[in-house]
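When you number the sequence shown by our numbering, it's gap-free, plus one each residue, and the end is 1125.
Each residue gets a CB set at the ideal place from its N, CA and C atoms; glycine is no exception.
Taking it in order: structure first as structure tokens, then the write-up.
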Amino acid sequence: MEKRRSSAQDIAKGILIVGVIFFHCYVATFENTADFLSDFNYLVAFFPFLLSTFFFYAGYNYTPNSRSFKENVARRAKQLLIPFVMAFAISAVLISSMELAFQYQNPGATFHAIGNSLLYSLMSEPLALLIGFPKEGGTVFELRLALCLLWFLYALFICSVFFYLLVKRTNKKLSTLISVVSALLILGFCLGHFVGVYLPYHVEAYPNILAIMLVAAYLRQSNFLDKPITCKKDAVFPIINAVIAEGIIIGTSLMLHNLYGTMTAGAFPGGQFDAAIKGFDAFVTFFYGLLGVYFIHMLSRAISCIPVISQCLQWMGKRSAIFYLFHPIFLELSAIVIFQKKIPWGRGQAFFYTAVVVALLILVCLLIDLLTKKLGKKKKAVMPQEEGTADEK
733 MEKRRSSAQD
743 IAKGILIVGV
753 IFFHCYVATF
763 ENTADFLSDF
773 NYLVAFFPFL
783 LSTFFFYAGY
793 NYTPNSRSFK
803 ENVARRAKQL
813 LIPFVMAFAI
823 SAVLISSMEL
833 AFQYQNPGAT
843 FHAIGNSLLY
853 SLMSEPLALL
863 IGFPKEGGTV
873 FELRLALCLL
883 WFLYALFICS
893 VFFYLLVKRT
903 NKKLSTLISV
913 VSALLILGFC
923 LGHFVGVYLP
933 YHVEAYPNIL
943 AIMLVAAYLR
953 QSNFLDKPIT
963 CKKDAVFPII
973 NAVIAEGIII
983 GTSLMLHNLY
993 GTMTAGAFPG
1003 GQFDAAIKGF
1013 DAFVTFFYGL
1023 LGVYFIHMLS
1033 RAISCIPVIS
1043 QCLQWMGKRS
1053 AIFYLFHPIF
1063 LELSAIVIFQ
1073 KKIPWGRGQA
1083 FFYTAVVVAL
1093 LILVCLLIDL
1103 LTKKLGKKKK
1113 AVMPQEEGTA
1123 DEK
């Protein structure tokens, strides 16, 4: 069977997961949103495709198979929902314990805040905001932030269900793909223009996510991102096109900023529903997603020629799921133990914060790799004995 995941994809995922962690650390560095928003907007202008790229790769790695729809959904549930539940539970226990240890002088109030934070996260932030569930003063910021960061997993699972219903049809005919994607983007526009609020469990993001996944699956049929490089011309043009793609993204971000005063528009699947551009954010998100994937993937193909850097990024990319699942725990650990509840000391703090969290996650991955190797060796040692016993019987 054809290998679906290239080394360039692993390198891209390594770059992207560090980017995701950096933005989360940047958010957690400041108590007051207004203090970091202006800087954050300019940073987002360069990378408004971080999450969209992960959704794109989920569709791009789709392999046509003989499994039924139910079997595909069940397999996806094991891949996404079980890790989500485990990560949520582990994060809740560890972060709550850290919060309680830090707030030891008033455990009653801390237990109350932790309980509110868990409910807030289980409801999803959009639903909590919609019903006016207490946010400021009644919840622990880091716990609420950390658990809400895991929304990517259940969103990907829900979108995968619809993806499996549609992908075989959209892969057969380009006209069908265009019709379905157009309908999804119009739905995204309507949600932004006429509803204009975040919906429970980020439902407003699903049309965009599904559209990106379906386009990715269709492009995979022509091996769009990984065409073989046989000469210098084959190597030069993708890089030039990638630079142009990133230039268009930055130019569009600056244009939106000048026209409407927003740079976060299109930065996240589902958008921010900025009042200035309303539902058009759905189209901007889709546009950023496709251009951004091309840029980051071609950049990763170029980086693959640099041995040490490419190997490090590839190693992290293969473990991006572990980085994503457990970075909230280390984000909180760093905030409490190292920074004592985010004592700000300048813009550079977020970079140091990210380096600490990534270093801790690398240690966890190395430990997991070590344990996996040891378990693998034990299984190999036990299996011959079991076979010999069976022969004797």
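Next on the checklist: Rounding to the nearest angstrom, what Cα-Cα distance links Phe1062 and Ile814 in this structure?
Outcome noted: Distance between the alpha carbons of Phe1062 and Ile814 is about 21 Å.
Checklist entry - Under 9 Å between the Cβ atoms of Leu906 and Pro939? => result Going by C-beta atoms, Leu906 is not nearer than 9 Å to Pro939.
Item to check | Integer Cβ distance of Glu831 from Ile846, believed to fall under 8 Å | outcome: 6 Å
Checklist entry - What's the call for Gly1157, buried or exposed, on a 16-neighbour Cβ count within 10 Å? => result Since the first residue of the chain shown is 733 and the last is 1125, residue 1157 is not available in this structure.
Item to check | Length of the line joining the Cα atoms of Arg1033 and Leu782 | outcome: 17 Å
Checklist entry - Using the C-alpha atoms, what's the distance from Val935 back to Thr1017? => result 15 Å
Checklist entry - From what residue to what residue does the alpha helix (DSSP H) around Gly847 run? => result 839-855
Checklist entry - Where does Gly928 fall in DSSP's three states? => result coil
Item to check | For Lys1106 and Val1025, the rounded distance between their alpha carbons | outcome: 37 Å
Item to check | Straight-line Cα distance separating Phe754 from Phe1015 | outcome: Their backbone Cα atoms lie some 26 Å apart in a straight line.
Item to check | Where the alpha helix (DSSP H) through Tyr886 begins and ends | outcome: 883-904
Checklist entry - Out of curiosity, what's the CA-to-CA distance linking Gly928 and Pro780? => result Near 20 Å, if we compare the C-alpha coordinates of Pro780 and Gly928.
Checklist entry - Under the three-state reduction of DSSP, which class applies to Cys1037: helix, strand or coil? => result coil
Checklist entry - For Ile1009, which option in Leu1022, Gly1021, Met987, Ala790 has the closest C-alpha, if you only look at C-alpha atoms? => result Met987
Item to check | For Arg1128, three-class secondary structure by DSSP | outcome: An answer regarding residue 1128 cannot be provided, because it is not within the stretch 733 to 1125 covered by the chain.
Item to check | Best match in Ser828, Met855, Ser853 for proximity to Phe843 [C-alpha to C-alpha] | outcome: Ranking the options by Cα distance to Phe843, first place goes to Ser828.
Next on the checklist: Quick check: what's the CA-CA separation for Ala819 versus Arg1051?
Outcome noted: 15 Å
Next on the checklist: Using the Cβ count rule (16 or more neighbours within 10 Å means buried), how would you classify Gly751?
Outcome noted: buried
Checklist entry - Hey, out of Ala1091, Gly1021, Phe865, Ser954, whose CA is closest to Ile980's CA? => result Gly1021
Next on the checklist: Can you find the residues in the same chain that come closer than 7 Å, C-beta to C-beta, to Arg876, ignoring five residues on each side of it along the sequence?
Outcome noted: Ser849, Tyr852, Ser853
Next on the checklist: Taking a contact to mean a Cβ-Cβ separation below 9 Å, would you say Arg808 touches Phe884 in this structure?
Outcome noted: Result no, Cβ atoms of Arg808 and Phe884 do not sit closer than 9 Å.
Checklist entry - To the nearest whole angstrom, what separates the beta carbons of Pro932 and Leu859, a pair I think is in contact under 8 Å? => result Between Pro932 and Leu859 the beta-carbon gap is near 4 Å, inside 8 Å, which marks them as a contact.
Checklist entry - My guess is that Thr761 and Ala999 are in contact by the Cβ rule of under 8 Å, so how many angstroms apart are they, rounded? => result The pair is not a contact, with the Cβ atoms about 18 Å apart (cut-off 8 Å).
Next on the checklist: Assuming Ala949 and Val899 are in contact, meaning their beta carbons sit under 8 Å apart, how far apart are those beta carbons, in whole angstroms?
Outcome noted: 5 Å
Item to check | Residues of its chain near Ile972, where Cβ-Cβ distance is below 7 Å and the 5 sequence neighbours each way are ignored | outcome: none
Checklist entry - From Tyr992 to Tyr774, what distance separates their C-alpha atoms? => result 14 Å
Checklist entry - If we count the other Cβ atoms within 10 Å of its Cβ and call it buried at 16 or more, is Arg952 buried or exposed? => result That one is buried.
Next on the checklist: Can you give me the C-alpha to C-alpha distance between Leu1103 and Leu1057, rounded to a whole angstrom?
Outcome noted: 18 Å
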